[in-house]
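Data first, discussion second: the structure below is written as structure tokens.
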Amino acid sequence: MDAPTWSDFWSNFGIFRDAIITGGLAGLLLGFIGVHVVLRRMVFASSAIAQAAALGVALSFWIGALVNPEMHAAGHMAGPNAHVTPVLFEPVLWATVASLLATLVFIANPVRLHLTRESLLGFVFLASGAGAVIVGDKITQEAHDLSAILFGSAVVVQRSDLVLVSLATVLLVGGHILTWRALVFSGFDPRGARVQGLPTRALDGFLFVSVGLSVALCTRALGALPVFAFSVLPAMAALVLTSRIGLVFGLAGLFGALSGVGGYAVAYRGELPVGATQTALATLFLGAALAARSIATRVAAQRRSPPPSR
Amino acid sequence: MVEKAGYGAGVVETGPLIRAQALQVGYGGDALLPPISVDIGRGELWAVIGPNGAGKSTFVRTLLGLERPVAGGVTLAPALRLAYVPQAGALDAIFPVSVRDFVLMGRQGPGNVFGRAKAADREAAAAALAEAGAAELARRQLRDLSGGQRQRVLMARALARDADIVVLDEPTNALDLAAERDVLALIEKLRARRGGAAVLMVTHLVEDALERADRALLLDRDHQVALATSAAAMHDAPEFQHVYARFVARHPHAEEREGPR
Chain A
81 MDAPTWSDFW
91 SNFGIFRDAI
101 ITGGLAGLLL
111 GFIGVHVVLR
121 RMVFASSAIA
131 QAAALGVALS
141 FWIGALVNPE
151 MHAAGHMAGP
161 NAHVTPVLFE
171 PVLWATVASL
181 LATLVFIANP
191 VRLHLTRESL
201 LGFVFLASGA
211 GAVIVGDKIT
221 QEAHDLSAIL
231 FGSAVVVQRS
241 DLVLVSLATV
251 LLVGGHILTW
261 RALVFSGFDP
271 RGARVQGLPT
281 RALDGFLFVS
291 VGLSVALCTR
301 ALGALPVFAF
311 SVLPAMAALV
321 LTSRIGLVFG
331 LAGLFGALSG
341 VGGYAVAYRG
351 ELPVGATQTA
361 LATLFLGAAL
371 AARSIATRVA
381 AQRRSPPPSR
Chain B
145 MVEKAGYGAG
155 VVETGPLIRA
165 QALQVGYGGD
175 ALLPPISVDI
185 GRGELWAVIG
195 PNGAGKSTFV
205 RTLLGLERPV
215 AGGVTLAPAL
225 RLAYVPQAGA
235 LDAIFPVSVR
245 DFVLMGRQGP
255 GNVFGRAKAA
265 DREAAAAALA
275 EAGAAELARR
285 QLRDLSGGQR
295 QRVLMARALA
305 RDADIVVLDE
315 PTNALDLAAE
325 RDVLALIEKL
335 RARRGGAAVL
345 MVTHLVEDAL
355 ERADRALLLD
365 RDHQVALATS
375 AAAMHDAPEF
385 QHVYARFVAR
395 HPHAEEREGP
405 R
């Protein structure tokens with residue numbers, strides 16, 4: 081069979097439209113919020129939260145099957161589109177709860193336990209990763225779904241995921257645009273911000289919850305790998321390219337969206353795994369940004385250096 | 145416990161802006177210093193002095209409500225505008241913050257959390273930068289500035305804040321003499337704001353502090369505290385001299401640079 085062409089891609093665009101839009105919105109949302117994640121040195125938190133979300137999804141499958149095996153099996157018999165899941169066992173609900181619990185670990189201050197925050201996040205990451213693999217071994221029927229969530233190889237996105245990611249993008253990006261100056265102040269100089277009466281705890285709470293929610297919703301739709309990539313790499317690329325803080329947020333959102341959309345298209349054309357391709361494209365953006373920065377620095381140095389004497 | 149409305153509005157005009165009563169500071173329930181009671185009034189320049197590790201920064205952070213007191217309390221007059229000038233090296237260089245954006249942070253507060261900076265805030269920030277002699281730095285990145293330039297910009301943010309009380313954490317640390325003079329001149333400008341802002345300056349430079357401050361609080365290790373309530377008292381008060389003598393005894397080179405004269 082011949083490899084798919086760009087023409088095939090456009091002619092089948094309707095099939096992939098929801099997945100492409102979801103990838104673009106997730107990239108925009110995570111890229112935008114990811115600027116705070118990178119600046120506040122929370123990169124590992126994003127990874128741990130994504131892993132916890134994946135465990136939440138795995139648990140929703142497993143516990144759903146344990147509690148009501150007949151209905152679960154009937155759902156499978158009917159096919160994926162007719163698969164009716166009780167609200168209580170909605171994967172996105174479990175992913176959200178697991179993500180918010182992991183977020184609480186990040187907010188908690190473990191000094192009394194003589195531990196660092198990073199070590200607790202390491203615990204969350206490892207426990208969630210191990211748990212997801214163990215639970216995944218117990219659920220043969222959804223093993224493919226779980227693998228898609230863990231490694232980001234989801235080709236088709238459910239309409240409900242698109243709706244949730246769209247809502248989250250509008251609400252969270254909107255909220256972040258409204259509060260970005262205060263969020264930057266409380267991250268950059270938390271003592272100064274508190275002394276001036278800014279509600280730093282509420283602002284930090286909003287940031288952490290928005291990271292947890294966006295990671296949970298996007299992990300359910302795209303998988304843990306691209307979600308972690310979108311929340312780190314676009315922001316890094318933007319920070320390398322410019323020192324104008326407003327532009328950093330805009331570029332990070334743009335790079336994230338392009339990685340989500342472009343990664344899907346390239347994966348289709350090259351018959352590659354979607355999540356890994358989206359991650360690779362985000363990595364390419366960072367590599368290009370580093371190269372552009374290096375060239376700009378050299379050109380600036382050459383302009384500053386005096387002309388050679390004759 | 146830090147209270148923000150401890151006494152009536154009529155008292156604010158003449159009463160202290162901050163009152164610490166038997167305040168003990170420390171961490172995890174362990175007091176670093178004995179109880180301290182001070183009233184800080186409008187227009188006063190306070191120097192909080194002592195060697196590194198004496199608890200100076202902890203004391204002022206507790207006054208500002210950033211740390212929980214071990215015992216005692218702090219009362220702030222109602223509706224105070226506070227400003228905190230951190231040590232220049234304490235700010236995270238990874239943040240891409242321009243000088244203009246940094247000074248604009250001084251205009252943020254409980255009523256100014258959302259949205260873009262207003263025109264009035266931008267004007268106030270520009271005026272503060274000009275007053276600090278840093279207008280030409282507005283487009284530069286804070287992280288790219290020299291120590292002296294950075295300190296002027298930090299002071300510009302406090303000027304833009306138009307605060308009743310400004311707390312400066314080691315404002316002359318690691319500066320050359322010219323930059324140090326600039327900072328001390330800016331402190332006088334801060335005091336002239338809002339009918340006399342109170343300034344608390346944390347420093348380990350005893351000589352400079354005693355030369356300029358209206359009041360001085362000397363904190364030393366081994367749980368020693370001395371309060372001088374006037375410039376003359378700083379030199380004459382036996383209690384102050386006693387603690388100072390202990391300080392010099394442990395730091396024999398301190399008197400050459402830092403001793404009271």
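Heads up: the protein sequence lines correspond to chains A and B, in order. Taking the working numbering, the leading residue of the first sequence gets 81, the next gets one more, and so forth. Taking the working numbering, the leading residue of the second sequence gets 145, the next gets one more, and so forth. All C-beta atoms, glycine included, are put in the ideal place defined by N, C-alpha and C. Computed from a predicted model, the values in this text were never measured in an experiment.
- Query: What do you get for R305 (chain B), buried or exposed, if any count of 16 or more other CB atoms within 10 angstroms of its CB means buried?
  - Reply: By the 16-neighbour rule on beta-carbons within 10 angstroms, R305 (chain B) is buried.
- Please report the residue range of the beta strand (DSSP E) in which D313 (chain B) lies. 309-313 is the extent of the beta strand (DSSP E) around D313 (chain B).
- Message: Any beta carbon of chain B sitting closer than 7 Å to that of A332 (chain A)?
- Response: Chain B contact via Cβ: absent.
- At what residues does the alpha helix (DSSP H) containing V243 (chain A) begin and finish? Where V243 (chain A) is concerned, the enclosing alpha helix (DSSP H) stretches over 239-268.
- Message: Considering Cα atoms alone, identify which of B:P160, B:V192, B:N196, B:E211 is closest to Q168 (chain B).
- Response: If we check each option's Cα against that of Q168 (chain B), B:E211 comes out closest.
- Can you grab the Cα-Cα spacing for the pair D245 (chain B) / Q252 (chain B), in whole Å? Between D245 (chain B) and Q252 (chain B), the C-alpha separation is close to 11 Å.
- Query: What do you reckon, are the CB atoms on L330 (chain B) and A274 (chain B) nearer than 7 Å?
  - Reply: Not in contact: L330 (chain B) and A274 (chain B) (Cβ atoms no closer than 7 Å).
- May I have the straight-line CA-CA distance separating V172 (chain A) from A345 (chain A), to the nearest angstrom? Distance between the alpha carbons of V172 (chain A) and A345 (chain A): 25 Å.
- Item | Where A381 (chain A) falls: helix, strand or coil (DSSP) | Reduced to three states, the DSSP call for A381 (chain A) is helix.
- Query: Taking Cβ-Cβ distances shorter than 8 Å, what residues in chain A pair up with F436 (chain B)?
  - Reply: Residue 436 (chain B) lies beyond the residue range present for chain B, which begins at 145 and ends at 405; the question has no answer from this structure.
- Members of the stretch 313-329 of chain A that neighbour chain B once the beta carbon cut-off is set at 8 Å: If the cut-off is 8 Å between Cβ atoms, the stretch 313-329 of chain A has L319, T322, S323, R324, I325, V328 near chain B.
- Query: Taking C-beta to C-beta, are T219 (chain B) and R294 (chain B) nearer than 7 Å?
  - Reply: Taking 7 Å as the Cβ cut-off, T219 (chain B) and R294 (chain B) do not qualify as a contacting pair.
- Is the CB of F239 (chain B) under 7 Å away from at least one CB in chain A? Judged by the 7 Å Cβ criterion, F239 (chain B) is in contact with chain A.
- Option in B:G172, B:L349, B:L334 with minimal Cα separation from G187 (chain B): Scanning B:G172, B:L349, B:L334 for the CA closest to the CA of G187 (chain B) turns up B:L334.
- Task: Would you kindly report the start and end of the unbroken alpha helix (DSSP H) that includes A234 (chain B)?
- Result: No alpha helix (DSSP H) contains A234 (chain B), which DSSP labels as neither H nor E.
- Task: Between the Cα of T357 (chain A) and those of A:A369, A:V341, A:A371, spot the shortest distance and give me the residue it belongs to.
- Result: Out of A:A369, A:V341, A:A371, A:V341 has the C-alpha closest to the C-alpha of T357 (chain A).
- Query: Would DSSP call G211 (chain A) helix, strand or coil?
  - Reply: Helix at G211 (chain A).
- 7 Å Cβ shell around L289 (chain B) - same chain, five flanking residues per side excluded: Around L289 (chain B): L281, V297.
- Own chain partners of F288 (chain A) with C-beta closer than 7 Å, once the 5 adjacent residues on each side are dropped: Excluding its 5 nearest sequence neighbours in each direction, F288 (chain A) has C-beta neighbours in its own chain below 7 Å: T183, F186, I187, listed in chain order.
- Can you list, in chain order, the residues of the stretch 203-237 of chain B whose Cβ is nearer than 9 Å to any Cβ on chain A? Those residues of the stretch 203-237 of chain B that come within reach of chain A (Cβ to Cβ, closer than 9 Å) are R205, L208, G209, L210, R225, L226, A227, Y228, V229, P230, A234, L235, D236.
- Query: Distance, Cα to Cα, I129 (chain A) vs L293 (chain A)?
  - Reply: The alpha-carbon atoms of I129 (chain A) and L293 (chain A) are separated by roughly 9 Å.
- Task: Can you tell me which of the three DSSP states M122 (chain A) falls into?
- Result: In the structure shown, M122 (chain A) adopts coil according to DSSP, grouped into three states.
- Query: Can you find a CB in chain B that lies within less than 7 Å of the CB of R384 (chain A)?
  - Reply: Output row for R384 (chain A): interface = no.
- List the endpoints of the continuous alpha helix (DSSP H) containing I325 (chain A). DSSP places I325 (chain A) inside the alpha helix (DSSP H), whose first and last residues are 325-350.
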